[in-house]
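Here my numbering runs 91 ahead of the position in the sequence shown, where the first position is 1.
Virtual Cβ for every residue (Gly too), placed ideally from N, Cα, C.
This one's a predicted model, so the numbers in the text were calculated from it and none came from an experiment.
Structure first, then comments.
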Amino acid sequence: MKKVAVVMGSDSDLPVVRATVERLKYFGIPFEVRIISAHRTPYEAESFASTAIERGFGVIIACAGKAAHLAGVIAAYTTLPVIGLPIKSSFMDGLDSLLSVVQMPAGVPVATVAVGGAENAAVLAAQILALGEPELEAKLAEYKKRMACEVAEKDKKIRSEFKL
Numbered sequence: 092m093k094k095v096a097v098v099m100g101s102d103s104d105l106p107v108v109r110a111t112v113e114r115l116k117y118f119g120i121p122f123e124v125r126i127i128s129a130h131r132t133p134y135e136a137e138s139f140a141s142t143a144i145e146r147g148f149g150v151i152i153a154c155a156g157k158a159a160h161l162a163g164v165i166a167a168y169t170t171l172p173v174i175g176l177p178i179k180s181s182f183m184d185g186l187d188s189l190l191s192v193v194q195m196p197a198g199v200p201v202a203t204v205a206v207g208g209a210e211n212a213a214v215l216a217a218q219i220l221a222l223g224e225p226e227l228e229a230k231l232a233e234y235k236k237r238m239a240c241e242v243a244e245k246d247k248k249i250r251s252e253f254k255l
């Protein structure tokens with residue numbers, strides 16, 4: 092199975108990134124976690140992205156806050172799918188990060204999840220990798236089935252509470 096790269100712009104992003112890592116572990120997806128700054132280590136960002144395919148990656152999740160250019164810089168140097176995970180900053184509650192990640196020019200797409208949407212970044216990466224991995228597709232189907240069961244159980248409880 093191909094690996095997922097989880098790249099963050101700063102170690103301050105790690106509390107959010109942990110949820111991504113936990114969900115990747117749940118699905119049994121191999122991954123690597125790195126800190127690479129689009130602004131402070133741009134050559135490392137270029138090198139990492141341009142060699143990601145030959146190093147066995149299938150998807151890159153790029154997490155950053157504030158200016159949040161990491162996902163776009165990574166996407167510029169690879170043909171792999173890049174998932175942008177905007178991180179909530181103290182300025183504008185993360186709207187600045189979201190706009191920095193989602194507003195990409197034609198030809199350089201970045202799939203973007205919600206601000207702080209770490210779990211969804213991992214699930215989207217799993218869905219992309221599952222296109223060629225029947226076992227992973229089955230894990231995703233079971234995951235979705237489990238979520239549906241959890242909602243049904245909550246519905247049953249609330250209906251009982253309100254005697255509906």
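With a Cβ-Cβ cutoff of 7 Å, do residue i and residue j count as a contact?
i, j, result
"VAL150", "ILE219", "yes"
"ARG114", "ALA213", "yes"
"SER141", "GLY156", "no"
"ALA159", "VAL192", "yes"
"VAL204", "LEU231", "no"
Pull up the distance between the alpha-carbon of residue i and that of residue j, whole angstroms please.
i, j, result
"SER128", "PHE139", "11 Å"
"LEU189", "ALA209", "13 Å"
"GLU252", "GLU244", "12 Å"
"GLY163", "LYS116", "26 Å"
"LEU171", "ALA197", "16 Å"
"VAL206", "ASP187", "10 Å"
"ARG146", "ALA167", "18 Å"
"ALA221", "LEU227", "5 Å"
Determine, for residue i, whether the minimum Cβ-Cβ distance to residues of chain D falls below 7 Å.
i, result
"THR132", "Although the question refers to chain D, the structure presented lacks it and comprises just one protein chain."
In the DSSP assignment, find the alpha helix (DSSP H) that holds residue i and state where it starts and stops.
i, result
"ARG131", "ARG131 -> no alpha helix (DSSP H), and no H or E assigned at all."
"GLY209", "For the sequence presented, residue 209 should be read as Ala rather than Gly. Element bounds for ALA209: 209 to 220."
"ASP187", "186 to 193"
"TYR234", "225 to 252"
"ILE165", "161 to 167"
What does DSSP give as the partner residues of residue i in its beta bridges?
i, result
"GLY175", "ALA153 and THR203"
"PHE122", "VAL95"
"PHE148", "LYS94"
For the beta strand (DSSP E) that contains residue i, what are its first and last residues?
i, result
"LYS94", "94 to 99"
Since I believe residue j is in contact with residue i (beta carbons under 8 Å), could you give me their beta-carbon distance rounded to a whole number of angstroms?
i, j, result
"ILE152", "ILE178", "Rounded, the Cβ-Cβ distance is 12 Å, inconsistent with contact."
"ALA143", "ALA96", "6 Å"
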